[in-house]
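Peer 1: There's a structure below that I have some questions on.
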Amino acid sequence: MTTLRNFALLAAAVLARVEALEAADWAAAEASAKTALAKMSQQDKISIVTGIGWDKGPCVGNTAAINSINYPQLCLQDGPLGIRFGTGSTAFTPGVQAASTWDTELMRQRGEYLGAEAKGCGIHVLLGPVAGALGKIPHGGRNWEGFGTDPYLAGIAMAETIEGLQSAGVQACAKHYIVNEQELNRETISSDVDDRTMHELYLWPFADAVHANVASVMCSYNKINGSWGCENDHAQNGLLKKELGFKGYVVSDWNAQHTTDGAANNGMDMTMPGSDYNGNNVLWGPQLSNAVNSNRVSRDRLDDMAKRILTSWYLLGQNSGYPNININANVQGNHKENVRAVARDGIVLLKNDEGVLPLKKPGKVALVGSAASVNSAGPNACVDKGCNTGALGMGWGSGSVNYPYFVAPYDALKTRAQADGTTLSLHNSDSTNGVSGVVSGADVAIVVITADSGEGYITVEGHAGDRNHLDPWHDGNALVKAVAAANKNTIVVVHSTGPIILETILATEGVKAVVWAGLPSQENGNALVDVLYGLTSPSGKLVYSIAKRPEDYGTAPSKGSNDKFTEGLFVDYRHFDNAKIEPRYEFGFGLSYTEFTYADLSVTSTVTAGPASGETIPGGAADLWETVATVTASITNSGEVEGAEVAQLYITLPSAAPSTPPKQLRGFAKLKLEPGASGVATFNLRRRDLSYWDAGRGQWVVPAGEFTVSVGASSRDVRLTGSLTA
Ligand code: BGC
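For the sequence shown, the positions run -23 to -1, 1 to 703 when mature numbering (1 follows the signal peptide of the UniProt record, and there is no 0) is used.
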């Protein structure tokens, strides 16, 4: 007993030291930064806050070296899913696919591998992960770079990615800060958002990023309540640096700076790329020097910018032994294993009638669609993935990377068919001409359809970043109908950057299964075959709702000069629940080849009503991050095969919190279970998870009263309910 107690005390002491060390990291880094700063001239300081100009260095962003302090030419490189322009690196799965796994271990490993590759290439700052766009608009061109429409899930994914990435010694960059929700007019639009919505939806995942000690944050192109994102005092100085206690630096999105003094005085710390894309317009550099010399920008502010940049560099230990820059280094290692696992476990099975899946050595399989095969011009034929030709693995824009190889559905199915002695026939087109001849007589027909989107500087098939509609591309509905007319075992596979309306497909007789395969990157076909043949039971769950009609979302790209965010907190499932609109497939939904039962809910809580207090630590008031309640539930695999279940916890706040969404995700746990086996899902609720933002008080507040705790298999499939009281 005594030994046990001693051990507990020792463990507590070690934990306290680790926590103290963690807290000290920023302080130690800042102290080193101050020492270095004292050795720097004003020109040196100007140099490290100003990019050297577009296309002037090895990376998409570069600053000059400062020899007196052994500071290198800093390399900032896209992006969120790998090394942009790299030729020896992995094309990781997009954020949205990682989120769809709901698997924190895979998310963290993805971050670690991203970090290892960036470091291997000598990249100091990898420009990701993405929490803005959050995806309030289903058409949003860049939603796929981020982690789905729920701020809690996005926040967890941000933290896992950042901690993984930074553990390799690379600076992460949380972007795009903030309310950067559409591509249309992204460089002029104002996102006009109220304080509560800002905190509870859009700032939330950035708070997780700061809590995870993110080194840098990228301010966005759009205006926020009328003033430019990179010149917004409230967003940068007020929310990020003061309220969230962010000690790293804010770097502009590329060309998002508008004025010399406004950016400097309102919280931006580094400008990129340092000129416009024509190499002309330089807003810092000599201009910033003039502003400092004429006291329009204080010397203290310049020191603060430089100190923040140096602090992050020291925090990550980049001041010693960092590799030289080589974007083309071969750094892939075994990282494709993570790509395959995320691609596979992010697949969501939406429909599976009459057990058509998994496939069991079918005699004849027909495969249909241009997206079944790799682009005949090569998987990297289109610059920044700016085309939707052939199989789809990611959206387009600066957040895309080269594929080192690409396994399309046809490639992987061919291998499997050969092993099984299955005859595989291919209709490698989206045209309905001649398709019935290919599919009739096959045991199953697999149709692959897509919907693509990306960053607004490229227009693909008339879509200027944001999607123009939520239908499948290339008339996918007509293709599915033609196939299903000739084959009563039609399986529809969807590769998409976001939701599409499935009503036509679901109303088509003969469509037995719908496999939402998302964006699987280079392991596209392998991941699909793993699930189609039941090598793994599907375990992904939707990270956005699939509506019956586009209007049901209540949001669409704003065509005017501002977006008033009139939907407030009611985005995605928060809106469907509140407006009592039934989606086709709700947020958190996903089928398996097995069944899970839920039992034994237990709730313990020490939470007290009232505002958060406590000193500011990275991420905000310290007590927001403390666990105040724990919920457990027992999950049993009651089916026939092994599988994994994502148990989800939703909270309903008491009415003392006015106008709050009916249910909000505040916990999830993924359990892998053998048939017949049970496991315990544990959800730790932090104070922030039970709070709302009281805009009048300007504080997070736990409302007094009874909270409903719902645990289930999706946002609408609630299996257990309980309560706790504050
Ligand atoms: C994008 C950023 C990217 C930057 C550098 C911008 O167009 O919005 O996400 O990091 O370019 O390529």
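Heads up, the beta-carbon is just placed ideally off N, CA and C, and yes, glycines get one too. Values in this document were obtained by computation on a predicted structure and should not be read as measured data.
Of all the alpha helix (DSSP H) runs that stay within the bounds of the segment 179 to 260, which reach a length of 4 or more residues?
Peer 2: 181 to 188, 237 to 242
Peer 1: Answer yes or no: the CB of Trp121 versus the heavy atoms of ligand 1, is any distance below 7 angstroms?
Peer 2: No heavy atom of ligand 1 is found nearer than 7 angstroms to the CB of Trp121.
Peer 1: In angstroms with no decimal places, state the Cα-to-Cα distance between Cys98 and Tyr434.
Peer 2: 27 angstroms
Peer 1: Shortest alpha-carbon distance to Ala586 belongs to which of Ala681, Gly222, Cys207, Phe223?
Peer 2: For Ala586, the nearest C-alpha among the options comes from Ala681.
Peer 1: Quick one: using the 10 Å Cβ neighbour count with 16 as the cut-off for buried, is Gln20 buried or exposed?
Peer 2: exposed
Peer 1: With DSSP collapsed to three states, give me the class of Tyr291.
Peer 2: DSSP places Tyr291 in helix when its eight states are reduced to three.
Peer 1: Would you list, in sequence order, the uninterrupted alpha helix (DSSP H) runs of no fewer than 4 residues that lie entirely inside the segment 443 to 498?
Peer 2: 453 to 463, 480 to 483
Peer 1: Which same chain residues, not among the five before or five after Thr174, have their C-beta less than 7 angstroms away from its C-beta?
Peer 2: Phe542, Gly545, Leu546
Peer 1: Under 8 angstroms by Cβ, that's how I've got Val425 and Ala348 pegged, so tell me the actual separation to the nearest angstrom.
Peer 2: 4 angstroms
Peer 1: If contacts are defined as beta-carbon pairs under 8 angstroms, then Val584 and Ala658 qualify, I think. What distance do you get, rounded to the angstrom?
Peer 2: About 20 angstroms separates the two Cβ atoms, so there is no contact after all.
Peer 1: What are the start and end residues of the beta strand (DSSP E) that includes Phe684?
Peer 2: 683 to 689
Peer 1: What's the gap between the Cα of Gly332 and the Cα of Ala95?
Peer 2: 44 angstroms
Peer 1: Using the Cα positions of Leu388 and Ala524, report the straight-line distance between them to the nearest angstrom.
Peer 2: Inspection of the sequence shows that residue 388 is occupied by Asp rather than by Leu. Whole-angstrom Cα-Cα distance: 32 angstroms.
Peer 1: Terminal residues of the continuous beta strand (DSSP E) containing Arg643?
Peer 2: Arg643 -> beta strand (DSSP E) spans 641 to 650.
Peer 1: Less than 7 angstroms between C-beta atoms, sequence neighbours within five positions excluded: which residues of the same chain meet that for Glu137?
Peer 2: Thr81, Met84, Arg85, Gly88
Peer 1: With a floor of 4 residues, list each alpha helix (DSSP H) that falls wholly inside the segment 81 to 158, ordered by position along the chain.
Peer 2: 81 to 97, 128 to 144
Peer 1: In the DSSP assignment, find the unbroken beta strand (DSSP E) run with Leu327 in it and report its ends.
Peer 2: 325 to 329
Peer 1: What is the C-beta distance between Asp540 and Ile166, in whole angstroms, given that I count them as a contact (C-beta under 8 angstroms)?
Peer 2: 6 angstroms
Peer 1: Only counting the same chain, and skipping five residues up and downstream in sequence, which positions put a Cβ closer than 7 angstroms to that of Ala10?
Peer 2: Only Lys284, Leu287, Thr288, Tyr291 meet the Cβ criterion.
Peer 1: Would you mind stating whether Ala441 and Glu160 have Cβ atoms separated by less than 8 angstroms?
Peer 2: yes
Peer 1: Could you check the C-alpha separation between Gly597 and Val492 for me, to the nearest Å?
Peer 2: The alpha-carbon of Gly597 is positioned some 40 angstroms away from that of Val492.
Peer 1: Are the segment 642 to 656 and the segment 140 to 159 touching by the rule of at least three beta carbon pairs closer than 8 angstroms?
Peer 2: The segment 642 to 656 vs the segment 140 to 159: no contact.
Peer 1: From what residue to what residue does the beta strand (DSSP E) around Ala68 run?
Peer 2: For Ala68, no beta strand (DSSP E) segment is defined, and its DSSP state is neither H nor E.
Peer 1: Would you list the residues sitting across from Asp671 in a DSSP beta bridge?
Peer 2: DSSP links Asp671 through a beta bridge to Gln676.
Peer 1: Are at least three pairs of beta-carbons, each pair with one atom in the segment 375 to 392 and one in the segment 439 to 458, less than 8 angstroms apart?
Peer 2: no
Peer 1: Three or more C-beta pairs closer than 8 angstroms, one from the segment 300 to 310 and one from the segment 466 to 479: is that the case here?
Peer 2: no
Peer 1: Identify the continuous alpha helix (DSSP H) that holds Lys22 and give its terminal residues.
Peer 2: 19 to 26
Peer 1: To the nearest whole angstrom, what separates the beta carbons of Val345 and His404, a pair I think is in contact under 8 angstroms?
Peer 2: 4 angstroms
Peer 1: Can you name, in chain order, every residue of its own chain whose Cβ lies under 6 angstroms from the Cβ of Glu7, other than the five neighbours on each side?
Peer 2: Thr288
Peer 1: Which residues bound the alpha helix (DSSP H) around Thr392?
Peer 2: Per DSSP, Thr392 belongs to the alpha helix (DSSP H) from 386 to 397.
Peer 1: Between the C-alpha atoms of Trp3 and Gly251, what's the straight-line distance to the nearest angstrom?
Peer 2: The straight-line gap separating the alpha-carbon atoms of Trp3 and Gly251 is approximately 27 angstroms.
Peer 1: Under a three-way DSSP split, which group does Leu(-3) fall into?
Peer 2: Note that Leu(-3) scores a pLDDT of 41, beneath 50, so its modelled location is shaky; the value from the coordinates is reported in the next line. Residue state, collapsed to three classes: helix.
Peer 1: In three-state DSSP terms, what is Thr593?
Peer 2: strand
Peer 1: Taking the alpha-carbon positions, what's the Ile477 to Gly244 distance?
Peer 2: 39 angstroms
Peer 1: By the three-class DSSP mapping on this structure, what secondary structure does Arg696 have?
Peer 2: Of the three classes helix, strand and coil, the one that applies to Arg696 here is strand, per DSSP.
Peer 1: Give me whichever residues DSSP pairs with Asp540 in a beta bridge.
Peer 2: Ser168.
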